[in-house]
Amino acid sequence: LFAAVEMAPRDPILGLNEQFAADPNPHKVNLGVGVYYDDNGKLPLLQCVQQAERAMLEHPAARGYLPIDGIAAYDNAVKALVFGADSEPVRSGRIATVQAIGGTGGLKIGADFLRKLKPGAQVLISDPSWENHRALFTSAGFDVGSYAYYDAKRLGIDFEGMLASLQAASPGSIVLLHACCHNPTGYDLSPEQWDRVVAVLQARGHTPFLDMAYQGFGHGIAEDGAVIQKFIQSGLDCFVATSFSKSFSLYGERVGALSVLCQSKDEAARVLSQLKLVIRTNYSNPPTHGGAIVAVVLNDPTLRALWERELAEMRLRIQSMRARLVAGLKAAGVQRDMGFITQQIGMFSYSGLSKEQMVRLRSEFGVYGTDTGRMCVAALNSKNIDYVCRSIAAVL
Ligand code: LMR
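With the UniProt record's numbering applied, the sequence shown covers 3 to 398.
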């Protein structure tokens with residue numbers, strides 16, 4: 003049965019973790035996967051999470067099956083966070099939200115549902131996009147194309163190219179958009195550019211699917227979420243995948259969600275029933291612990307305020323590392339202007355380094371980033387930054 007099974011290639015992001023773990027270099031630095039580490043190089047266990055867990059331990063709950071769509075208090079908290087607690091769609095009940103296994107799980111539930119709804123539709127992702135987007139939508143059965151996004155020469159967004167690709171796509175395409183902190187480039191659309199993108203989506207009858215994995219890592223929770231209001235106003239049907247992996251530092255708990263903005267409460271009830279079918283036939287129902295933590299924090303005003311402070315601390319530390327990276331590269335002798343690193347936002351910097359340079363960084367210096375030149379600036383700290391700067395300077 004297995005004689006002809008071929009070895010699959012390593013995952014371009016998570017595969018780097020395996021390579022990193024096996025690297026004996028004592029100076030090695032992992033800037034591959036998108037994970038935030040504090041200034042001591044430690045994965046934080048947020049205070050708000052610890053306090054929620056302590057509160058949960060005081061009233062230990064048995065672990066029955068959750069409903070197929072997850073914890074109701076969690077789903078409602080996600081709706082309020084993503085769309086606004088007092089927003090019209092929340093008040094009128096026209097959003098279907100399900101707890102998902104991470105943001106990836108939310109994307110996959112949405113992809114499987116869309117495949118039943120629009121089997122012949124084209125899916126368009128940004129060029130470039132998160133490495134897993136193409137694979138995920140392809141495995142759901144879609145033909146996946148791309149729209150122009152990054153302009154390597156201008157170090158920014160090829161906005162006219164983006165609009166042109168969206169205009170040229172077959173009507174009714176599914177367009178995957180990064181709501182904030184674009185992964186991998188770190189370049190986001192301005193509010194005015196979002197308006198123009200929304201107008202093209204409306205005119206061409208495309209369906210937007212927003213991936214929101216980094217809310218709070220760009221300019222703030224409200225600021226990063228503001229784009230959702232534009233989609234509400236547009237009247238478009240819309241998908242939003244949420245992840246709390248990074249914003250709660252709960253990577254291993256796989257806490258995410260999928261929300262589908264519908265035209266009416268009745269439509270949302272029917273959509274929810276279909277999402278539940280997808281979940282039931284994949285993994286039956288979601289796990290309890292991570293969703294319960296997030297529900298406790300988001301629904302308690304004191305813990306919520308603490309979470310917002312801790313998230314702001316992570317965001318500000320990343321920003322300070324960006325500035326230190328630019329200064330450190332200059333001090334290490336890099337001639338070219340690397341100031342663009344502070345123009346980018348979120349966890350990543352698209353460094354402009356070639357695949358060859360990234361491979362040299364790994365093999366000669368133990369500094370790991372993806373082959374595309376993406377580096378996770380959230381893993382830089384005051385101890386490793388000089389070494390990383392010297393290593394980048396050496397390969398440039
Ligand atoms: C990343 O892009 O590194 C993260 O989203 C982690 C992942 O699952 O790839």
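Every residue gets a Cβ at the ideal spot worked out from N, C-alpha and C, and that includes glycine.
Nearest neighbour of P289 by Cα position, chosen from T99, G104 and V35, turns out to be G104.
In the DSSP annotation of this structure, Y149 is not part of any alpha helix (DSSP H); the continuous beta strand (DSSP E) holding it starts and ends at D145 to A150. Look at D190 here: in three-state DSSP terms it is coil, with no helix or strand label. Non-local C-beta neighbours of E20 in its own chain, meaning closer than 8 Å and more than five positions away in sequence, comprise R12, ordered along the chain.
Counting other Cβ atoms within 10 Å of its Cβ, T99 reaches 16 or more and is therefore classed as buried. Between the ligand LMR and the CB of I15, the shortest heavy atom gap is smaller than 7 Å. A distance below 6 Å between beta-carbons, with the five flanking residues on each side excluded, links Q359 to the following residues of its chain, in chain order: V397. The residue among S128, T140, D268 and H221 with its C-alpha nearest the C-alpha of M349 is H221. R324 counts as buried, since at least 16 other C-beta atoms from the protein chains shown sit within 10 angstroms of its C-beta. L126 sits close to L178, with the two beta carbons spaced by under 8 Å. Bounds of any beta strand (DSSP E) do not take in V298; it lies within the alpha helix (DSSP H) bounded by H291 to N301.
Counting C-beta pairs closer than 8 Å gives three or more between the segment 317–334 and the segment 378–392, which meets the contact rule. The distance from the Cβ of P14 to that of L263 is about 31 Å, inconsistent with a contact at the 8 Å cut-off. A direct Cα-to-Cα measurement between L300 and G335 gives close to 46 Å.
Proximity to M214 across A6, L382 and S261 peaks at S261, based on C-alpha coordinates. Residue pairing for L178: DSSP places it in a beta bridge opposite F211.
L59 sits exposed, since fewer than 16 C-beta atoms from the chains shown fall within 10 Å of its C-beta. Taking 8 Å as the upper bound for CB-CB distance, A123 and G174 are in contact here, some 6 Å apart. Contact annotation, Q217 with C182: C-beta distance approximately 6 Å; criterion of less than 8 Å satisfied. Around the beta-carbon of T283, fewer than 16 other beta-carbon atoms lie within 10 Å, marking it exposed. Taking 7 Å as the cut-off, the C-beta of N32 does not count as close to any heavy atom of the ligand LMR.
Out of S131, S266, L313 and H180, the CA that lies nearest to the CA of Q49 is found in L313.
Relative to A102, the option among S351, N383 and Y285 whose CA is nearest is Y285. Separation of the CB atoms of S266 and R96 is rounded to 6 Å, and the pair is thereby assigned contact status at 8 Å. Judged by DSSP in its simplified three-state form, M340 adopts coil rather than helix or strand. In this structure the segment 241–261 touches the segment 70–84; the number of beta carbon pairs closer than 8 Å is three or more. If you draw a straight line from the Cα of L305 to the Cα of R156, it is about 43 Å long. Nearest Cα to W309 within the set F246, Q346, V31 and R198: F246.
If you draw a straight line from the Cα of G36 to the Cα of R56, it is about 28 Å long. Between G293 and I73, the C-beta gap is smaller than 8 Å, which places the two residues in contact. Per DSSP, the beta-bridge partners of M377 are S351. Short note on N134: C-beta closer than 7 Å to some heavy atom of the ligand LMR. Taking each of L138, V361, W132 and A307 in turn and checking the Cα distance to I223, the smallest one comes out for A307.
Within the segment 221–267, the runs of alpha helix (DSSP H) at least 4 residues long that lie entirely inside it are, in chain order, 223–236. For T99, the uninterrupted beta strand (DSSP E) run begins and ends at I97 to I103, by DSSP.
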